[in-house]
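Numbering (the working numbering), first residue to last: 2 to 210. From the three backbone atoms N, C-alpha and C, an ideal C-beta is built for every residue, glycine too. Okay, structure first, notes after.
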Amino acid sequence: MPVPVEEVIDISKQYKSPLFTHLSLRIPSRGLIFVHGPNGSGKSTLLRILALMEPPDSGEILLMGRRVGRVRVRDYHIYSQFISYSFQEPKLLPLSVEENLSIPTKVSYKRRDELLERLDLSPLLKKKASKLSGGEKKRADITRAVMRETPLLIMDEPLAFLDPEYRGLVKELVLEEAGRRAVVVSATEPVREFEEGAVVELNTSDLRR
Ligand SMILES: Nc1ncnc2c1ncn2[C@@H]1O[C@H](COP(=O)(O)OP(=O)(O)OP(=O)(O)O)[C@@H](O)[C@H]1O
Ligand SMILES: [Mg+2]
2 MPVPVEEVID
12 ISKQYKSPLF
22 THLSLRIPSR
32 GLIFVHGPNG
42 SGKSTLLRIL
52 ALMEPPDSGE
62 ILLMGRRVGR
72 VRVRDYHIYS
82 QFISYSFQEP
92 KLLPLSVEEN
102 LSIPTKVSYK
112 RRDELLERLD
122 LSPLLKKKAS
132 KLSGGEKKRA
142 DITRAVMRET
152 PLLIMDEPLA
162 FLDPEYRGLV
172 KELVLEEAGR
182 RAVVVSATEP
192 VREFEEGAVV
202 ELNTSDLRR
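This is the structure:
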């Protein structure tokens, strides 16, 4: 069996109260993992842990078969070669869309331009990110993550802020990406198209204070 892109073993995390306990997850080199649950159930926290932006309280994480210890901020670039991340709240720099999409990574312009066309962002390339609408920001943030050809793509609520047409386009894109690499996506509600792969359901009902 091929080595999974990432494996979390028996991880637990709590802030004021527990979010998840003894969670194990194997992320194969291709396919979709869909994390869903209500507001505050820990989806973004789990995704940040998978992206190595934050450590679990306990448990182990293996990336490409190697155990990951404490990740220091200054070493994050080593791990980010393997992981692309799209934030729930788009995080764009106060620059043009084009400049936001040209942060030096191994990205081909062909790939970038295909994605821009698909998500109708080409006409907005020269526009300042601060002047985009919520949905436009979200599509730009998604483009920035998807254009990087990393083995693992993590997208926190990629359907948020989008109208039904763009939700459809992004669902298609997510499924297409999952056909060739490991993709983790989250949403607050069940999404039929995302339920073909593994589903992680986080629930606050039994943990809520
Ligand atoms: N850095 C932090 N410090 C303290 N508490 C936190 C922190 N990050 C998240 N929390 C708390 O942990 C819980 C889970 O937050 P998280 O953002 O992971 O939920 P979520 O499922 O992504 O919610 P949403 O659907 O609203 O995006 C919340 O109660 C939140 O207040
Ligand atoms: Mg969240």
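Under the three-state reduction of DSSP, which class applies to S45: helix, strand or coil?
-> helix
Is the beta carbon of K44 within less than 6 Å of some heavy atom of ligand 2?
-> yes
Please go through the stretch 48-132 and give each complete beta strand (DSSP E) segment of 3 or more residues, from N-terminal end onward.
-> 59-64, 84-87
Tell me, please, whether the stretch 50-70 touches the stretch 12-20 by the rule of three or more beta-carbon pairs shorter than 8 Å.
-> yes
For L33 and A141, believed in contact at Cβ under 8 Å, the rounded distance = Between L33 and A141 the Cβ distance is about 23 Å, and since that is not below 8 Å, they are no contact.
Can you say whether K44 is buried or exposed, counting buried as having 16 or more other CB atoms within 10 angstroms of its CB?
-> buried
Straight-line gap, E173 to L94 (C-alpha atoms, nearest Å) = 27 Å
Look at Q89 and E158 and say whether their C-beta atoms are less than 7 Å apart.
-> yes
Are V1 and M148 touching if we call contact CB-CB under 7 Å?
-> Nothing can be reported for residue 1: it is not among the residues displayed for the chain, which extend from 2 to 210.
Tell whether a beta-carbon distance below 7 Å holds between F162 and F35.
-> no
Under the three-state DSSP convention, the category R210 falls into = For R210, the predicted structure reports a pLDDT of 31, less than 50, and the residue's modelled location is therefore unreliable. The matter cannot be settled from this model.
Sorted by chain position, which residues of the same chain lie with C-beta nearer than 6 Å to V6's C-beta, five sequence neighbours on each side aside?
-> I28, S30, P152, L153, A183
Thinking C-alpha only, which one of M65, L170, P191, V200 is nearest K139?
-> L170
Taking K128 and S97 to be in contact with their CB atoms under 8 Å, please state how far apart those CB atoms are, rounded to whole angstroms.
-> 6 Å
List the whole-angstrom C-beta distance separating N204 from G66, where the pair is believed to meet the contact cut-off of C-beta under 8 Å.
-> Their Cβ separation, rounded to whole angstroms, is 31 Å, which puts N204 and G66 out of contact at 8 Å.
For the alpha helix (DSSP H) holding T144, just list the boundary residues, first then last.
-> 135-147
By Cβ distance below 8 Å, which residues in the same chain neighbour G114 in space, the five residues on each side in sequence not counted?
-> Note on residue identity: the sequence assigns Asp, not Gly, to residue 114. Excluding sequence neighbours, D114 sits near S123.
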